[in-house]
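For reference, the structure is listed below as structure tokens.
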Amino acid sequence: MNALIKSATIIDTKSDFHNETVDILIENGTIKNIAKSIKNTNNYKEIALHNLHVSQGWFDSSVSFGEPGFEERETIENGLKTAAYSGFTHIALNSNTNPVIDTASNVTFLRDKSNNNAVTMLPIGALTKQSHGKDLAELFDMKNAGAIAFGDYKSPITNPNLLKIALQYAQGFNGLVLSFPFEKNIAGLGVMNENFMSTSIGLKGIPNLAEDLHIARDLFILEYTEGKLHIPTISTKKSVDLIREAKKKKLNVTCSVAIHNLFLSDNTLKDFNTNHKVMPPLRTQNDIDALIEGVKDGTIDMVTSDHTPIDIEHKKVEFDHALYGTIGLESAFGALNTLFTTKKTIDVLTKGKQRFNIKNNSINLGNKACITLFNPNKKYIFDKDAIVSTSKNSIFDGQSLKGQVYGIISNNKIALKS
Amino acid sequence: MSELSVNHLLGIKYLKASDVDLIFETADHFKEVINRPIKKVPSLRDITIANLFFENSTRTKLSFELAEKRLSADVINFSASQSSVKKGETLIDTVNNILSMKVDMVVMRHPNPGAGVFLSNHINASIVNAGDGAHEHPTQALLDSYSIREKLGEVKGKNVVIVGDILHSRVALSNIYALQLQGANVMVCGPKTLLPKYINKLGVKVETNLRKALEWCDVANMLRVQNERMDINYFPSTREYSQQFGVNKALLNSLNKEIVIMHPGPINRGVEITSDVADSDQAIILDQVQNGVAVRMAVIYLLASKIKQ
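In structure tokens form, the structure reads like this:
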């Protein structure tokens with residue numbers, strides 16, 4: 001793949017050309033030249049786009065598609081296309097398929113399915129067999145097949161001893177363990193955040209306590225085992241406080257937050273909109289403020305779209321019956337760039353790679369091109385009709401966002417929205 | 001002519017104070033009608049109403065059916081046990097099938113909060129919420145306020161305590177909204193485990209001591225403990241609950257005033273209310289039932305007149 005990117009502003013603090021507007025010449029997938037103006041002597045594909053900015057390729061640490069088992073929600077092929085058009089060069093794919101991704105052969109199936117794609121799809125293996133939370137899956141075997149981390153998606157590890165063992169065992173091969181913070185007994189039959197809104201509309205609430213308690217427990221276990229833990233998608237103020245304290249104590253812990261948990265509060269549930277039924281639930285403005293502060297000061301290491309396609313048959317139903325989740329890849333950049341500076345947005349979209357042992361390619365001469373192309377200034381209303389994802393369950397439907405993605409160049413391929 | 005500000009009755013929180021006034025004025029008229037020798041008016045001869053009960057109900061269903069029949073509406077009944085819901089049909093499809101038989105209005109009882117709101121976004125008919133999970137039960141709240149108004153002259157400025165299982169109660173929530181809309185002061189009283197943690201944010205007083213609550217109030221609305229909605233035991237035993245939150249004649253007599261006792265039914269004698277209280281002159285439980293028919297006639301009549309336009 002050869003291409004000449006014209007007049008692009010580089011947003012990459014690791015690049016020698018950070019904040020400069022330049023031409024970038026790519027030959028056979030490698031950056032060959034960066035300069036104020038490069039002539040297209042070999043007649044390569046020229047990429048000239050309005051207010052073009054480029055950065056290192058983005059990473060999403062929690063993405064679900066539907067293959068195998070739920071292809072009606074999303075296929076790998078269309079899912080990867082969606083990711084590419086949303087600016088993600090790397091995605092960590094959750095194990096919540098049918099069958100669950102709990103063996104090396106399942107991991108290999110996913111890797112094979114995503115070969116030769118611009119997007120690098122990195123499977124997360126299930127931590128326990130069939131994600132039943134009883135016996136560890138073959139973590140080492142899956143790691144060798146290409147699994148980048150291990151977790152049971154949104155099934156919490158209810159047995160603390162199992163987490164203890166997992167954190168100890170995974171150290172033998174530098175494995176990263178994921179523990180979704182959700183104390184089921186405290187959450188009870190809750191379907192949304194417990195606060196004023198749940199009280200006023202009669203839906204059962206999930207207290208912050210359900211998350212806080214689980215994280216406090218996990219951090220104690222982490223301290224004991226000296227393992228390596230990632231806590232996906234936190235949503236409460238106290239979670240941020242707990243993890244901030246844990247980091248001060250030098251525990252090997254990271255965490256993420258779902259972008260919609262930064263953007264929307266539980267007030268939006270007043271009309272029982274099932275696209276706003278997500279796990280963890282939308283919390284209050286007080287939590288949102290703490291989460292944003294956590295992103296800014298680095299307590300929260302990465303953001304995720306927590307992309308979860310759900311077919312309309314499981315959303316256009318009574319609120320109690322609707323499945324949890326929202327798609328999020330396509331709104332991710334626009335939402336983040338509305339909340340934060342573009343520099344910070346790029347930072348939180350790329351920083352997570354390190355934790356998952358993914359190589360960061362800065363935009364410098366001689367490096368493989370792993371680039372996201374975007375226009376940070378474009379304002380628009382996020383429109384359901386323009387969604388590429390097979391499932392259209394977007395929590396951002398109708399929201400005003402700032403920042404539009406053109407696509408990516410990665411794995412020696414170009415994937416640009418037409 | 002005055003009309004309601006809404007096309008459905010999905011909950012009290014969607015109503016204005018003027019809607020409540022209009023409903024009560026209309027109910028006054030119908031209350032007079034149902035006490036005539038011929039208890040029927042021909043108002044809704046051209047209206048067909050479907051009563052869809054996806055959850056068990058005896059009194060509410062009877063009350064609605066009677067209200068509809070006394071307005072001369074055509075009535076069809078449907079309950080979940082006979083339905084295709086069990087065959088996997090969605091709520092929207094079930095209701096649309098019924099509507100395609102030219103039904104004008106739907107009265108629905110449903111176990112899930114927001115089911116009425118959800119349905120109103122997807123179907124083309126007037127909807128009356130007859131109770132949706134722990135969300136709202138607007139006609140119950142209207143008839144409760146109507147009964148207070150009848151007994152005490154007005155609702156405004158009155159102190160009303162709702163006692164019991166607030167956590168699982170749609171009656172409590174609708175009553176809070178209705179009473180506040182009319183300018184009453186509201187308190188909830190029960191064991192802490194059955195009071196939603198954030199209930200005070202709705203602007204109500206919270207009390208865990210029944211005596212103190214009764215000393216404060218003009219009206220006590222006693223709710224049933226909804227064991228069927230509980231995923232865990234919220235108190236050790238019915239006996240112990242009754243000791244703390246049951247109202248008996250001795251307790252009432254020890255107050256230095258005579259308060260009004262209400263209950264939405266079904267009552268559990270000896271649990272939240274003793275027989276000597278339930279059968280006393282202080283209790284207006286059976287008045288509530290009678291007023292329920294008049295208030296539901298008013299609601300249906302007013303919504304139907306909007307369809308006719």
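One line per chain: the protein sequences are A and B, in this order. Under UniProt numbering, the first sequence has 361 at position 361, and the numbering climbs by one with no breaks. Under UniProt numbering, the second sequence has 139 at position 139, and the numbering climbs by one with no breaks. Backbone N, C-alpha and C define an ideal beta-carbon position, used for all residues, glycine too.
Quiz item: Taking the C-alpha atoms as reference points, what is the distance between B:D287 and A:G190?
Solution: For this step, residue 287 of chain B is matched to residue 287 along the second sequence. For this step, residue 190 of chain A is matched to residue 190 along the first sequence. Rounded to whole angstroms, B:D287 to A:G190 spans 37 Å at the Cα level.
Exercise. Pull up the distance between the alpha-carbon of B:L52 and that of B:V106, whole angstroms please.
Key: In the second sequence, counting from the first residue as 1, residue 52 of chain B sits at position 52. In the second sequence, counting from the first residue as 1, residue 106 of chain B sits at position 106. One C-alpha to the other measures close to 7 Å.
Self-check item: Residues that DSSP places opposite B:N51 in a beta bridge
Solution: On the second sequence, residue 51 of chain B is found 51 positions in, with the first residue counted as 1. B:N51 is bridged by DSSP to B:N77, B:V107.
Practice problem: Would you list, in chain order, the members of the region 294 to 319 of chain A that have their beta-carbon closer than 9 Å to a beta-carbon of chain B? | Solution: E313, K316, V317, E318, F319
Quiz item: Which residues bound the beta strand (DSSP E) around A:I371?
Solution: Here residue 371 of chain A refers to the residue found at position 371 of the first sequence. Its beta strand (DSSP E) spans residues 371 to 381.
Practice problem: Compare the C-beta of B:H135 against all C-beta atoms of chain A and say whether one is closer than 7 Å. | Solution: Here residue 135 of chain B refers to the residue found at position 135 when the second sequence is read from its first residue. Output row for B:H135: interface = yes.
Practice problem: State the DSSP-derived secondary structure class of A:Q404, mapped to helix, strand or coil. | Solution: Taking the first sequence and counting its residues from 1, the one referred to as residue 404 of chain A is at position 404. Three-state result, A:Q404: strand.
Exercise. Give the residues of chain B in contact with A:F272, contact being defined as C-beta atoms less than 8 Å apart.
Key: Sequence index remark: in the first sequence, residue 272 of chain A carries index 272 (1-based). Here the neighbours are P113, G114, V117, F118.
Self-check item: Limits of the unbroken beta strand (DSSP E) element including A:K45
Solution: Taking the first sequence and counting its residues from 1, the one referred to as residue 45 of chain A is at position 45. A:K45 -> beta strand (DSSP E) spans 45 to 47.
Quiz item: Can you tell me the Cα-Cα spacing of B:G265 and B:V171, whole angstroms?
Solution: Locating residue 265 of chain B in the second sequence gives position 265, where the first residue counts as 1. Locating residue 171 of chain B in the second sequence gives position 171, where the first residue counts as 1. Between B:G265 and B:V171, the C-alpha separation is close to 11 Å.
Quiz item: To the nearest angstrom, how far is it from the Cα of A:L178 to the Cα of B:A141?
Solution: The sequence position of residue 178 of chain A within the first sequence is 178, counting from 1. The sequence position of residue 141 of chain B within the second sequence is 141, counting from 1. If I take the Cα positions, the gap works out to 48 Å.
Practice problem: At 7 Å on the CB atoms, spell out the chain A contacts of B:R170, in chain order. | Solution: By 1-based counting over the second sequence, the position of residue 170 of chain B is 170. In chain order: G202.
Exercise. Using a Cβ-Cβ cut-off of less than 8 Å, list which residues of the region 164 to 198 of chain A approach chain B; keep chain order.
Key: For the region 164 to 198 of chain A, the residues whose beta carbon sits under 8 Å from a beta carbon of chain B are, in order, G188, L189, E194, N195, F196, S198.
Quiz item: Whose C-alpha, out of A:N40, A:V107, A:N261, is nearest the C-alpha of A:H276?
Solution: Counted from its first residue, the first sequence places residue 276 of chain A at position 276. The option with the nearest alpha carbon to A:H276 is A:N261.
Quiz prompt | Contacts that B:L91 makes with chain A (C-beta to C-beta distance below 8 Å) | solution = Translated into positions along the second sequence, residue 91 of chain B becomes position 91. V317, E318, listed in chain order.
Quiz prompt | Test item: CB-CB of B:L44 and B:A67 under 7 Å | solution = Reading the second sequence from its first residue, position 44 is the one you call residue 44 of chain B. Reading the second sequence from its first residue, position 67 is the one you call residue 67 of chain B. Between B:L44 and B:A67, the gap from beta carbon to beta carbon reaches 7 Å or more.
Practice problem: Taking C-beta pairs closer than 8 Å, name the residues in chain E that A:H321 reaches, listed in chain order. | Solution: Absent from the structure is chain E; the protein chains it does hold are A and B.
Quiz item: Quick one: what's A:Q56 bridged to in DSSP?
Solution: Locating residue 56 of chain A in the first sequence gives position 56, where the first residue counts as 1. Bridge partners of A:Q56: A:I371.
Self-check item: Close beta carbons around A:D311, own chain, < 7 Å, minus the five adjacent residues each side
Solution: Residue 311 of chain A sits at position 311 when you count from the first residue of the first sequence. The beta carbon of A:D311 sits closer than 7 Å to those of E72, R73, S391, all from its chain and outside the five residues before and after it, given in chain order.
Exercise. Go ahead and pull the three-state DSSP assignment for A:A335.
Key: The count along the first sequence starts at 1 and reaches residue 335 of chain A at position 335. Of the three classes helix, strand and coil, the one that applies to A:A335 here is helix, per DSSP.
Practice problem: Answer yes or no: does any C-beta atom of chain A fall closer than 7 Å to that of B:I166? | Solution: As a position in the second sequence, residue 166 of chain B is number 166, starting the count at 1. So, not an interface residue.
Quiz item: Would A:A258 pass as a contact of A:T304 if the rule is Cβ separation under 7 Å?
Solution: Within the first sequence, numbered from 1, the residue matching residue 258 of chain A stands at position 258. Within the first sequence, numbered from 1, the residue matching residue 304 of chain A stands at position 304. With contacts defined by Cβ atoms closer than 7 Å, A:A258 and A:T304 form a contacting pair.
Quiz item: Taking Cβ positions, are B:I34 and B:V295 nearer each other than 7 Å?
Solution: Residue 34 of chain B sits at position 34 when you count from the first residue of the second sequence. Residue 295 of chain B sits at position 295 when you count from the first residue of the second sequence. Against a cut-off of 7 Å, the Cβ pair of B:V295 and B:I34 comes out as no contact.
Quiz item: Is it a yes or a no for the region 102 to 109 of chain A touching the region 134 to 152 of chain A, going by three-plus beta-carbon pairs under 8 Å?
Solution: yes
Practice problem: Tell me whether B:A283 sits in a helix, a strand or coil according to DSSP, three-state version. | Solution: Along the second sequence, one-based indexing puts residue 283 of chain B at 283. Correct three-state label for B:A283: strand.
Quiz item: Can a CB atom of chain A be found closer than 7 Å to the CB of B:K201?
Solution: Here the question's residue 201 of chain B lines up with position 201 in the second sequence. B:K201 counts as touching chain A.
Self-check item: In DSSP terms, what B:P138 is bridged to
Solution: Residue 138 of chain B sits at position 138 when you count from the first residue of the second sequence. Under DSSP, B:P138 shares a beta bridge with no residue.
Practice problem: With DSSP as the reference, please indicate the residues paired to A:G205 in a beta bridge. | Solution: One-based indexing of the first sequence puts residue 205 of chain A at position 205. Its beta-bridge partners are A:M192.
Practice problem: Assuming A:Y85 and A:A332 form a contact by the criterion Cβ under 8 Å, report the distance between their Cβ atoms to the nearest whole angstrom. | Solution: For the purposes of this step, residue 85 of chain A is taken as the residue at position 85 of the first sequence. For the purposes of this step, residue 332 of chain A is taken as the residue at position 332 of the first sequence. So it is not a contact: roughly 11 Å between Cβ atoms.
Self-check item: Residues sharing a beta bridge with A:T304, DSSP
Solution: Within the first sequence, the letter at position 304 stands for residue 304 of chain A. Here A:T304 is bridged, per DSSP, to A:A258.
Quiz item: Quick one: Cα of A:G79 to Cα of A:N117, how far?
Solution: Working through the first sequence from its first residue, we reach residue 79 of chain A at position 79. Working through the first sequence from its first residue, we reach residue 117 of chain A at position 117. Going from the Cα of A:G79 to the Cα of A:N117 covers about 11 Å.
Quiz item: Applying a beta-carbon distance threshold of less than 9 Å, which residues of chain A neighbour B:L173?
Solution: In the second sequence, the residue the question calls residue 173 of chain B occupies position 173. Chain A residues near B:L173: T199, S200, I201, G202.
Practice problem: Assuming B:I166 contacts B:K158 (C-beta within less than 8 Å), just tell me the rounded distance between them. | Solution: Stepping through the second sequence from its first residue, residue 166 of chain B is reached at position 166. Stepping through the second sequence from its first residue, residue 158 of chain B is reached at position 158. Taking 8 Å as the upper bound for CB-CB distance, B:I166 and B:K158 are not in contact here, some 19 Å apart.
Practice problem: Determine whether the Cβ of B:Y198 lies closer than 7 Å to any Cβ atom of chain A. | Solution: One-based indexing of the second sequence puts residue 198 of chain B at position 198. Under the Cβ distance rule, B:Y198 counts among the residues neighbouring chain A, one pair being separated by less than 7 Å.
Exercise. Return the bridge partner residues of B:E207 from the DSSP annotation.
Key: Indexing the second sequence from 1 puts residue 207 of chain B at position 207. Assignment of beta-bridge partners to B:E207 by DSSP yields B:C189.
Quiz item: Taking A:G403 as the reference, which of A:K379, A:G205, A:I215 has the closest Cα?
Solution: On the first sequence, position 403 is the one that residue 403 of chain A refers to. Measuring from the Cα of A:G403, the nearest candidate turns out to be A:K379.
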